[in-house]
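Numbering (the working numbering), first residue to last: 129 to 588.
Here's the structure, in structure tokens; my notes come after.
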């Protein structure tokens with residue numbers, strides 16, 4: 129029944145579900161109508177059916193502002209996750225809702241508007257830099273020939289102090305000088321770059337006015353350069369707003385502005401780990417709290433990535449191991465991601481295979497040119513996968529571990545990887561709100577990785 133004597137017939141703003149068994153469509157629609165009148169007309173009603181007649185009868189009869197069809201009701205009713213209707217948490221829209229609004233009542237508040245929306249599987253995407261150069265010696269070739277085609281006059285190199293001390297920047301400066309390009313250097317990037325460092329770098333760019341930014345180094349200089357580029361081109365934007373969390377990178381409360389009006393970005397990794405040279409992400413640290421905030425938007429994808437393994441030949445064994453585990457974590461998480469696709473899966477699997485085949489050699493025999501090349505490729509390939517498929521709880525935990533105990537990022541990823549695999553492979557108690565995610569998939573995905581590596585693989 130429906131009414132005060134039936135508590136479960138009321139609206140329940142908690143994880144309790146009341147359900148009724150009916151004999152036919154007419155009885156179902158009448159019962160739903162009674163429930164809605166008792167609970168309060170207004171916001172949302174949901175229907176799950178493959179029969180267009182059932183959907184039409186339900187949608188035409190029930191007095192609600194939103195009829196959600198074959199979509200998760202809790203998030204679908206809010207809007208913009210499984211459909212394109214605007215997010216709304218206002219209860220009792222229109223005259224039927226009988227609710228008081230928070231602003232002056234006008235005619236628009238008295239009009240009963242009904243929207244029927246079906247679950248929409250939104251089109252997916254694949255975004256990487258327009259130009260990726262690789263192979264040993266690619267840096268020399270690019271700056272000898274290709275740089276002239278970019279039409280730039282002033283370049284700022286963003287790097288760490290060690291890059292200056294080791295002569296890496298001097299090498300670039302000579303190439304740029306030969307090409308007639310004025311050069312500036314910002315070398316104050318530390319491990320885990322802070323908001324203050326980014327602000328300082330953006331100010332240096334404002335004074336130098338580069339039309340080309342060259343990020344040289346590991347993940348920290350490249351991440352810092354991306355953020356500096358952002359605030360150099362748009363000093364009016366707020367870091368606190370851009371760091372806001374999101375559920376779909378293309379649907380943001382605060383959108384990222386377009387980049388490239390003032391400068392282009394070239395990313396040159398000197399370690400094989402972050403893949404930042406091809407990703408849409410920049411991790412910046414709040415120095416006061418130690419919290420790492422990932423800025424994420426495809427606007428920050430570099431224009432050019434140069435993957436020259438010759439730059440990694442002198443990386444110490446411990447750093448090689450740590451960054452190599454970061455590559456593995458990127459690829460594994462991209463493969464089991466709910467956003468994974470046919471376009472990211474081959475990249476993720478191949479990166480995993482390259483790590484298993486070549487990381488031991490790169491660590492134990494650092495002068496092994498083939499191992500260095502394959503690991504450098506694996507890093508970028510994994511980056512191409514996860515910038516489109518995204519990462520998961522492994523990296524969330526690693527960021528917390530790294531910020532709290534100051535351990536290398538790749539090592540932090542390796543410490544939590546096995547527990548995360550066990551957790552992800554277990555039966556989920558809560559689903560991620562994503563339109564393409566319909567059934568648990570992590571367990572068979574992990575088994576596919578094991579099979580690719582010729583390891584024992586089972587979903588039992």
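Ideal Cβ positions, reconstructed from N, Cα and C, are used throughout, including at glycine.
For residue i and residue j, what's the separation of their Cα atoms in angstroms?
| i | j | result |
| --- | --- | --- |
| residue 424 | residue 348 | 15 Å |
| residue 186 | residue 158 | 9 Å |
| residue 353 | residue 312 | 13 Å |
| residue 576 | residue 583 | 10 Å |
| residue 294 | residue 397 | 15 Å |
| residue 146 | residue 513 | 42 Å |
| residue 131 | residue 142 | 19 Å |
| residue 484 | residue 367 | 38 Å |
| residue 371 | residue 478 | 31 Å |
| residue 518 | residue 473 | 12 Å |
| residue 341 | residue 432 | 11 Å |
| residue 391 | residue 246 | 42 Å |
| residue 520 | residue 386 | 27 Å |
| residue 525 | residue 544 | 7 Å |
| residue 380 | residue 284 | 30 Å |
| residue 212 | residue 184 | 20 Å |
| residue 192 | residue 156 | 16 Å |
| residue 268 | residue 301 | 12 Å |
| residue 551 | residue 571 | 10 Å |
| residue 587 | residue 549 | 13 Å |
| residue 148 | residue 505 | 57 Å |
| residue 292 | residue 299 | 10 Å |
| residue 421 | residue 328 | 18 Å |
| residue 470 | residue 569 | 14 Å |
| residue 498 | residue 580 | 21 Å |
| residue 364 | residue 384 | 12 Å |
| residue 574 | residue 558 | 19 Å |
| residue 182 | residue 154 | 10 Å |
| residue 129 | residue 151 | 14 Å |
| residue 144 | residue 555 | 20 Å |
| residue 134 | residue 251 | 43 Å |
| residue 369 | residue 427 | 16 Å |
| residue 351 | residue 534 | 18 Å |
| residue 335 | residue 307 | 22 Å |
Tell me whether the beta-carbon of residue i lies closer than 9 Å to the beta-carbon of residue j.
| i | j | result |
| --- | --- | --- |
| residue 317 | residue 288 | yes |
| residue 457 | residue 527 | no |
| residue 356 | residue 382 | no |
| residue 197 | residue 166 | no |
| residue 516 | residue 271 | no |
| residue 393 | residue 343 | yes |
| residue 405 | residue 434 | yes |
| residue 511 | residue 407 | yes |
| residue 172 | residue 195 | yes |
| residue 509 | residue 482 | yes |
| residue 174 | residue 137 | no |
| residue 262 | residue 286 | no |
| residue 395 | residue 257 | yes |
| residue 565 | residue 209 | no |
| residue 618 | residue 281 | Nothing about residue 618 can be read from this structure; the chain reaches only from 129 to 588. |
| residue 494 | residue 448 | yes |
| residue 264 | residue 501 | yes |
Let me check understanding here. Comparing Cα to Cα, which of the options lies closest to residue i?
| i | options | result |
| --- | --- | --- |
| residue 454 | 182, 142, 541 and 468 | 541 |
| residue 444 | 331, 555, 399 and 298 | 399 |
| residue 359 | 388, 381, 275 and 346 | 388 |
| residue 276 | 303, 338, 452 and 285 | 303 |
| residue 361 | 560, 492 and 338 | 338 |
| residue 467 | 567, 137, 259 and 148 | 567 |
| residue 319 | 574, 426, 134 and 402 | 402 |
| residue 451 | 503, 550 and 418 | 503 |
| residue 560 | 150, 465 and 587 | 465 |
| residue 419 | 257, 531, 427 and 201 | 531 |
| residue 346 | 410, 495 and 364 | 410 |
| residue 163 | 190, 329, 182 and 469 | 190 |
| residue 201 | 307, 150, 244 and 323 | 244 |
Could you tell me which residues DSSP puts in a beta bridge with residue i?
| i | result |
| --- | --- |
| residue 422 | 411 |
| residue 344 | 396 |
| residue 261 | 434 |
| residue 314 | 286 |
| residue 197 | 175 and 246 |
| residue 322 | 413 |
Is there a Cβ of chain D sitting closer than 9 Å to that of residue i, yes or no?
| i | result |
| --- | --- |
| residue 431 | Here chain D cannot be found, since the structure has a single protein chain. |
### Message
Using 8 Å as the cut-off, can you tell me whether the region 426-446 makes contact with the region 472-488, which would need three or more C-beta pairs spanning the two stretches below that distance?
### Response
no
### Query
Would you call the region 397-417 and the region 460-470 touching, i.e. three or more CB-CB distances under 8 Å?
no
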